Amino acid sequence: MICIPLTAATNAEMFELMTRVESQPAELVELRLDYLEENPEVEELVARSSLPLIMTCRSRRGGGKFDGSEEERRKIILRAADAGCAYLNVEAADVPFVAGKTPRSILIVSILDFAGTPENLVEKVRELATLPVDWVTFAVTHRKPEDSVRVLDAIQKCPKPCVGHAMGEGGIMTRVLGLAYGSKVTFGHLESGRDADPGRPT
Numbered sequence: 370m371i372c373i374p375l376t377a378a379t380n381a382e383m384f385e386l387m388t389r390v391e392s393q394p395a396e397l398v399e400l401r402l403d404y405l406e407e408n409p410e411v412e413e414l415v416a417r418s419s420l421p422l423i424m425t426c427r428s429r430r431g432g433g434k435f436d437g438s439e440e441e442r443r444k445i446i447l448r449a450a451d452a453g454c455a456y457l458n459v460e461a462a463d464v465p466f467v468a469g470k471t472p473r474s475i476l477i478v479s480i481l482d483f484a485g486t487p488e489n490l491v492e493k494v495r496e497l498a499t500l501p502v503d504w505v506t507f508a509v510t511h512r513k514p515e516d517s518v519r520v521l522d523a524i525q526k527c528p529k530p531c532v533g534h535a536m537g538e539g540g541i542m543t544r545v546l547g548l549a550y551g552s553k554v555t556f557g558h559l560e561s562g563r564d565a566d567p568g569r570p571t
């Protein structure tokens, strides 16, 4: 599946971007709620989307931009679940607070690594898969050619449905070949200037 992540400062801008996505060859939309500079209109965002949504609200500790409290952030995640959002993308620390409370959503646990690609990536991914979640997602940073091999290996060896890629220009092969190795989703941005993930193609 192809997913287009969207970042916006306001709900109105997010609604406008969602409308533009309808003309793109995408099957999923990810809404990065942590980029909003106002309270997210979660229920309206879910109701208006013509495509299944992945809701993501990452803390700064987890590589995102949300500045509120952890309690506020997790309430936003649960509001998305109650609204019937198809996918919820959470950090490992969120899982104990949301697991079992999202029966209508696919629960995804994800990690980001902007420093590089861990040599023990397979072990990290398998550890995430032991959590009570449906999918595992990871994004690491490409520094050398063998990083791409580690990414594809980790996708194949994950015991749960997995989404993985290497960020950066050198990681482009993982975004394309990842699907052949079992990754459930690959990501493409809507337009230049909105990319929160280095190396993501249109």
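In our numbering, each residue's number is its place in the sequence shown (first place is 1) plus 369. Ideal placement from N, C-alpha and C gives every residue a C-beta, glycine not left out. Note that the coordinates shown come from a computational prediction; the quantities given were computed from them, not determined experimentally.
Relative to the Cα of arginine 443, the nearest Cα in the group Thr425, Tyr456, Gly432 belongs to Thr425. Within the same chain, Cβ atoms closer than 8 angstroms to the Cβ of arginine 495 are found at Lys526, Cys527, Pro528, the five residues on either side in sequence being excluded. Where threonine 506 is concerned, the enclosing beta strand (DSSP E) starts and stops at 504-510.
Bridge partners of serine 474 according to DSSP: none are assigned.
Put simply, of Pro394, Pro472, Ala377, Asn380 the residue whose alpha carbon is nearest the alpha carbon of threonine 555 is Pro394. When DSSP reads this structure, cysteine 531 sits in a beta bridge with Val505. Judged by DSSP in its simplified three-state form, leucine 481 adopts strand. 8 angstroms or more divides the Cβ of valine 478 from the Cβ of valine 491. In the same chain as serine 418, and ignoring 5 residues on each side of it, the C-beta atoms closer than 7 angstroms to its own belong to Met387, Val398, in chain order.
Under DSSP, methionine 536 shares a beta bridge with Thr510.
DSSP links isoleucine 371 through a beta bridge to Thr555.
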